[in-house]
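In full-length UniProt numbering, the protein residues as written are 1 to 497.
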């Protein structure tokens, strides 16, 4: 029952998030029931009978738990248990970050210090996740960006949507880079000296061909139900590198580089915080997962959160510890690059990763495209009729621009480490700054003059969250731009030649 429920829920959240609420006009009409979101997550006019029926009676089987401010979607109707909610959180968080984790351990100062830093980060992350779901109950919102709308206004909602859009965009770039890394590892093992001389083995060619033939056609679809099982099984594809780090630790007979016991500097610690944040980040789907639970209450979601974070901590500690202890300071940003692809065990992992990247990329395009569509509808002041009639054209144009721009940046990027650090910057915004704004808004809503100690404490904690998130964002963004990109410290013509 658990696995069946997990399978059926796995693809809902990237594809069913109602980004149409970013448009003021569409949001109002959705709430009044004159338009609806169909199974393809498209806006259409409601029938006469449906238009006369309140949205809550028309769209959900839980009228007592969903308030007037909600827009009900297929994902919300599902009704999941808290263990399945934990699985969905793990599935959302477990991705490209696991490949970069041993490298992050080196930056963090070794196994012990990295584990200690992760524990601190988990406490903070769980707190901010609970702030979001507590905030969602104020107006019974079902999405992250609508929580910002309810508490902080339309502009905050738009900034949250932009942040999520950029996160999806950056992860798409990372996935393409990982595909190139896997091909490099495979071809270097098979062709050895000829690898650097054959144009058709160059990563720029292999990434481009794979992306155009295997990924691009799927990106134009409105629905991705055919990827339901592939997306769920993707979690097992990401667990395979964890197994490989243990397998190769005992198999390889190599001398590792220097094993750190402490970080080299405080800057290195601040740089690695966003990497850890990105690895554990599920904040974009926290509210949709909470909204779709059978029992929408803070107690059950807290159990789901602790279970999910515990599973992720166990997985990341194994990957980081064994991977770092195998290579020490010689570790690469992508751990899979350092394994021999002629080994069948490694070859299976390479194949699983490529399939995972190919099947997950289109889902991120759908999510990002929806956010961009909603923002465009708001800023261009599109009427409902214009929004519905122009959907096909916008889908083709946005998807094409999204795909080819991410492909270009993936070919030019030095490695996944740089992109993950930039994604970590965005993660610090979603994890610290936006929840901090929500917490301040809650404190003011409950006590406008902040006269009670509890309200002042909330405001103080919220200010700390916002300042910390802003500081981390500034430090890491500056480091990546100045040292990694402008000085090109990590860029070489071909990392394997």
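Here a beta-carbon is modelled for each residue, glycine too, at the ideal position from N, C-alpha and C. What you are looking at is a predicted structure, and each value in this text was computed from that prediction instead of being measured.
Cβ separation of residue i and residue j, assumed to be a contact under 8 Å, to the nearest whole Å
| i | j | result |
| --- | --- | --- |
| residue 208 | residue 364 | Not a contact, Cβ separation roughly 19 Å. |
| residue 349 | residue 244 | 5 Å |
| residue 526 | residue 305 | In the structure as shown, the chain begins at 1 and stops at 497. Residue 526 is therefore absent and cannot be evaluated. |
| residue 502 | residue 392 | Residue 502 lies beyond the range of the chain shown here (1 to 497); nothing can be said about it. |
| residue 533 | residue 367 | Lying before the first or after the last residue shown, residue 533 is absent from the chain, which here runs from 1 to 497. |
| residue 179 | residue 357 | 5 Å |
| residue 133 | residue 301 | 5 Å |
| residue 419 | residue 177 | 7 Å |
| residue 476 | residue 271 | 6 Å |
| residue 432 | residue 468 | 6 Å |
| residue 129 | residue 276 | About 15 Å separates the two Cβ atoms, so there is no contact after all. |
| residue 416 | residue 96 | 6 Å |
| residue 395 | residue 220 | 7 Å |
| residue 319 | residue 83 | With a Cβ gap of about 23 Å, residue 319 and residue 83 do not count as contacting. |
| residue 517 | residue 88 | Since the first and last residues shown for the chain are 1 and 497, residue 517 lies out of range. |
| residue 281 | residue 430 | 7 Å |
| residue 235 | residue 94 | 6 Å |
| residue 80 | residue 292 | 6 Å |
| residue 311 | residue 92 | The Cβ separation is near 12 Å, so there is no contact. |
| residue 105 | residue 283 | No, residue 105 and residue 283 are not in contact; Cβ-Cβ is about 24 Å, not under 8 Å. |
| residue 354 | residue 157 | Incorrect: roughly 36 Å between the Cβ atoms, too far for contact. |
| residue 361 | residue 116 | At roughly 34 Å, the Cβ-Cβ gap does not stay under 8 Å, so residue 361 and residue 116 are not in contact. |
| residue 203 | residue 339 | Contact doesn't hold; Cβ gap of about 17 Å is too wide. |
| residue 86 | residue 308 | 4 Å |
| residue 241 | residue 99 | 6 Å |
Residue i - partner residues in DSSP beta bridges
| i | result |
| --- | --- |
| residue 293 | 80 |
Segment limits, alpha helix (DSSP H) that includes residue i
| i | result |
| --- | --- |
| residue 458 | 453-479 |
| residue 222 | That residue, residue 222, is in no alpha helix (DSSP H); it is neither H nor E in DSSP. |
| residue 510 | Residue 510 is absent from the structure shown; the chain starts at 1 and stops at 497. |
| residue 116 | 111-139 |
| residue 97 | 97-108 |
| residue 439 | 434-446 |
| residue 280 | 266-280 |
Min CB distance residue i to chain D below 7 Å
| i | result |
| --- | --- |
| residue 286 | Considering every chain present, this structure includes no chain D. It has just one protein chain. |
Between the segment 423-430 and the segment 184-197, are three or more C-beta pairs nearer than 8 Å?
no
Tell me whether the segment 343-363 and the segment 317-334 touch, counting them as touching only if at least three CB pairs, one residue from each stretch, are closer than 8 Å.
no
Inter-stretch contact (C-beta, 8 Å, three-pair minimum) for the segment 129-138 and the segment 372-381:
These segments do not touch.
Segment contact flag, the segment 147-162 with the segment 441-450, C-beta cutoff 8 Å, min 3 pairs
Yes, they touch.
Ignoring anything shorter than 4 residues, give me the alpha helix (DSSP H) runs that lie fully in the segment 353-422, in order along the chain.
With a minimum length of 4 residues, the continuous alpha helix (DSSP H) runs that stay inside the segment 353-422 are 384-389 and 391-412.
Between the segment 310-330 and the segment 213-224, are three or more C-beta pairs nearer than 8 Å?
no
Of all the alpha helix (DSSP H) runs that stay within the bounds of the segment 137-212, which reach a length of 4 or more residues?
144-152, 154-191 and 203-210
The segment 258-274 / the segment 322-330 touching (three or more Cβ pairs under 8 Å):
When C-beta atoms of the segment 258-274 are compared with those of the segment 322-330, three or more pairs fall below 8 Å, so the two segments count as touching.
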